[in-house]
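Enquirer: Here's a structure for you.
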Amino acid sequence: MLGFTAAAVAAVVTPAAAGASTASQAGWGPYFSADHKAAARGHVSVDRQRYRHWYWKTDFVRDRVCFKDHKGDRHCKWVVKKVKKKAWEWRYEEFFTVHSTLVNKGNRGECAWETFKVVHENGSTAFRSFANCGRHPRHFSFSGKNAAHISVDVSKGDHSGPTAFHSGWRPVHHAAV
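Residue numbers (our numbering): 445 to 621.
Here it is as structure tokens:
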């Protein structure tokens with residue numbers, strides 16, 4: 445038992461120490477539509493990877509410049525020069541994958557809908573919608589990167605889109621700052 449625990453701790457600590465990437469998973473749901481005839485649940489996995497961001501850094505350097513005049517005398521003066529050098533810093537990107545299971549308990553011709561709202565770190569918003577018009581649960585997934593918040597709205601509707609019984613936006617993932 446102790447050997448298994450030490451191996452598990454070493455496997456968990458090693459990627460974080462090496463700085464390659466760290467991954468986490470969290471479950472969400474179940475969330476229901478307002479009439480409880482549509483249900484969604486799932487999990488989100490987040491993989492945080494660091495990388496070197498290269499950029500040009502400008503430095504000002506004092507340099508001594510010497511020259512000879514027409515008589516052959518040497519004159520020197522200090523000149524400030526602008527020097528560009530390449531530098532880097534660590535930056536991080538978070539890649540996420542959302543897995544969901546959508547259940548439809550409605551009548552024939554009714555569909556269960558789930559709409560995901562993804563708010564990115566730069567403030568832009570994207571929406572992804574999935575429908576289940578059958579009687580059996582359906583599994584969906586989508587991926588992206590650098591999400592600040594992910595929310596889901598479970599509702600009922602027809603084949604063209606969600607129309608009624610919205611659950612409101614429920615949290616799926618919130619990025620740690």
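Where a beta carbon is used, it is the ideal one built from N, C-alpha and C, also for glycine. Computed from a prediction, not measured in an experiment: that's the story for all the values here.
To which residues of the same chain is T607 closer than 6 Å at the C-beta, ignoring the five residues directly before and after it?
Expert: Closer than 6 Å at the Cβ level, and outside the excluded window around T607, lie G601.
Enquirer: If N548 and A619 are in contact, beta carbons under 8 Å, what's the gap, nearest whole angstrom?
Expert: The pair is not a contact, with the Cβ atoms about 31 Å apart (cut-off 8 Å).
Enquirer: Excluding the five sequence neighbours on either side, which residues of its own chain have a C-beta within less than 6 Å of the C-beta of V524, listed in chain order?
Expert: Answer for V524: F504, R506, listed in chain order.
Enquirer: Which of the three DSSP states, helix, strand or coil, is assigned to N551?
Expert: coil
Enquirer: With D503 as the anchor, note down where its beta strand (DSSP E) starts and where it stops.
Expert: 482 to 512
Enquirer: Just how far apart, CA to CA, sit A570 and T502?
Expert: 37 Å
Enquirer: Between K512, K589, W613, W522, which has its C-alpha nearest H564's C-alpha?
Expert: K589
Enquirer: Nearer than 6 Å: is that true of the beta carbon of G578 relative to any heavy atom of the ligand GTP?
Expert: In the structure on display, the ligand GTP does not appear, and there are no ligands present to speak of.
Enquirer: What's the C-alpha gap between R494 and T541?
Expert: 18 Å
Enquirer: Pull up the distance between the alpha-carbon of A478 and that of A556, whole angstroms please.
Expert: 12 Å
Enquirer: Helix, strand or coil for N576, going by three-state DSSP, please let me know.
Expert: strand
Enquirer: Go to K589, then tell me how far its beta strand (DSSP E) extends in each direction, as first and last residue.
Expert: 582 to 589
Enquirer: Please name the residue in W613, R614, V490 whose C-alpha comes closest to that of Y536.
Expert: The residue with the shortest Cα to Cα distance from Y536 is V490.
Enquirer: For a test of the three-state rule: what should DSSP assign to W613, helix, strand or coil?
Expert: coil
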